[in-house]
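Each remark here refers to the structure printed beneath this line.
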Amino acid sequence: MKSYRSHRIVTETEIVDGWLSVDDQGKIAAIEATPSGEPVIEYQDHWLFPGLIDPHLHGFMGWNASKTTDAEQILHMADALLWAGVTACVPSCISSGFMLENVKALHQAKSRQTQGAEILGLYMEGPFYNPEYNGGTPIETFEKQTLERALEYMEAAEGDLVSMGLAPELPGAMEIISELSRQGVRMGIAHTGADYNQTIAAIDAGCQMATHSFNAMRGLHHREVGVTGAILLDPRIYNEINCDFIHVCPQMIEILLKMKAWDKILMMTDNDSMTGMPAGDYLLDGVVERLESNGKIVLEDGTIYGSGRTLLQDVFNLIDELKIPVPQAAAMASLNAARFLHVEDRLGSLKAGKQADFIVVDDQHRCLVTLQRGIKVCDIGQRSRLANPEFAKLKIA
1 MKSYRSHRIV
11 TETEIVDGWL
21 SVDDQGKIAA
31 IEATPSGEPV
41 IEYQDHWLFP
51 GLIDPHLHGF
61 MGWNASKTTD
71 AEQILHMADA
81 LLWAGVTACV
91 PSCISSGFML
101 ENVKALHQAK
111 SRQTQGAEIL
121 GLYMEGPFYN
131 PEYNGGTPIE
141 TFEKQTLERA
151 LEYMEAAEGD
161 LVSMGLAPEL
171 PGAMEIISEL
181 SRQGVRMGIA
191 HTGADYNQTI
201 AAIDAGCQMA
211 THSFNAMRGL
221 HHREVGVTGA
231 ILLDPRIYNE
241 INCDFIHVCP
251 QMIEILLKMK
261 AWDKILMMTD
271 NDSMTGMPAG
281 DYLLDGVVER
291 LESNGKIVLE
301 DGTIYGSGRT
311 LLQDVFNLID
321 ELKIPVPQAA
331 AMASLNAARF
341 LHVEDRLGSL
351 KAGKQADFIV
361 VDDQHRCLVT
371 LQRGIKVCDI
381 GQRSRLANPE
391 FAKLKIA
């Protein structure tokens, strides 16, 4: 048994001044006013947050999960995510000419993983999308929505497909939603021009989530509120949201938080392989992508194409700018995803009996130390070890 001392331990409901004790099995034994074990590790004025869970990202620190058939790339990304305070994640694939092979690589990575941010499964962002809402993804990689093809992808994932997004207005969507949700896949509304009724029909059929709410989807109109109105009004839907204040402005996030219960909000990053790397232009698979100093990632035509900010930075956007209570902001980046993915019994919050995955954060919003099962697995000084050394060669400006 060992104890961690902090004046600011972030639990599900409050900030505790006390000790977080971890047992010999790597589980939280107690959070209390006096230490339960020795040694006592002092973090005093630093925050202790639950390990963050990112339910939707594509890469980090030069490593790519979406544009690879190499499971090692994905495992390196999972290692690097620890530096940012992410202790569990759902790597996401995107539409490509080798998406089936990418799905297989993601499954292989999960099967072989022994360290890094725990891979909880994979999310399929594509290939069943409306080309009018492609969000920068080449439309020639999109496919006709058929149940047969969806089941082929599901088979390739070998039980690791936890979520899939599609456009509910396109032919074949309802059949896919009904069958895959019956088999336990959490279906998402994504890259879509659906109207209100089409969206509600998709939710009735089994859709549980709106993928990166407000991005790559039909906007709100006062005579037909469309998909945006539906995902705001329907309490059954979880809302993925990017809180970098680039993908979605602060005011729109405030509207979402006023419309939906906070426990239905899934903070996600949409991180790219450029995230965590120096700002500049990179030539990636023949396409120039720019990482700006504020974390914005854009294509040459100005299309936003992922976020260069970390989930922890976005949590503090909510705390500092929108004045969201710290326990709620933390839960939107941890506990809510754990509930959505049905792992809340062991992950997602600092609570007795749960796995001791937590991070030490300073007042500059930096993750100083990351712990899994009560063991230190990363610290702020390890960035150079974790970043992909080959990625710097792709920087052209």
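Numbering (the UniProt record's numbering), first residue to last: 1 to 397. For every residue, glycine included, the Cβ atom is placed at its ideal position computed from N, Cα and C. Since the structure is predicted, the reported quantities are computational estimates derived from the model, not experimental observations.
Between residue 11 and residue 31, the C-beta spacing is below 8 Å. Nearest C-alpha to residue 275 among 77, 327, 46: 77. For residue 102, the enclosing alpha helix (DSSP H) has its first and last residue at 99-112.
Rounded to whole angstroms, residue 391 and residue 303 show a C-alpha spacing of 22 Å. Within the model, the alpha-carbon separation for residue 132 versus residue 352 is close to 48 Å.
With 16 or more other Cβ atoms from the protein chains shown falling within 10 Å of its own Cβ, residue 145 counts as buried. A Cβ-Cβ separation of about 6 Å places residue 347 in contact with residue 88 under the 8 Å criterion. Residue nearest to residue 157 within the set 301, 71, 142 is 71 (criterion: CA-CA distance). A distance below 8 Å separates the beta carbons of residue 165 and residue 124.
Contact fails between the segment 110-121 and the segment 319-331, because fewer than three Cβ pairs, one in each stretch, are under 8 Å apart. The three-state secondary structure of residue 79, taken from DSSP, is helix.
For residue 255, the closest of 237, 246, 233, 190 by C-alpha to C-alpha distance is 233. For residue 174, DSSP records no beta bridge to any residue.
In this structure, the beta-carbon distance from residue 163 to residue 149 does not fall below 8 Å. Counting only residues of its own chain and dropping the five nearest sequence neighbours on each side, residue 212 has a CB closer than 8 Å to the CB of 56, 190, 240, 241, 242, 247, 268, 270. Residue 290 is bridged by DSSP to 281, 298.
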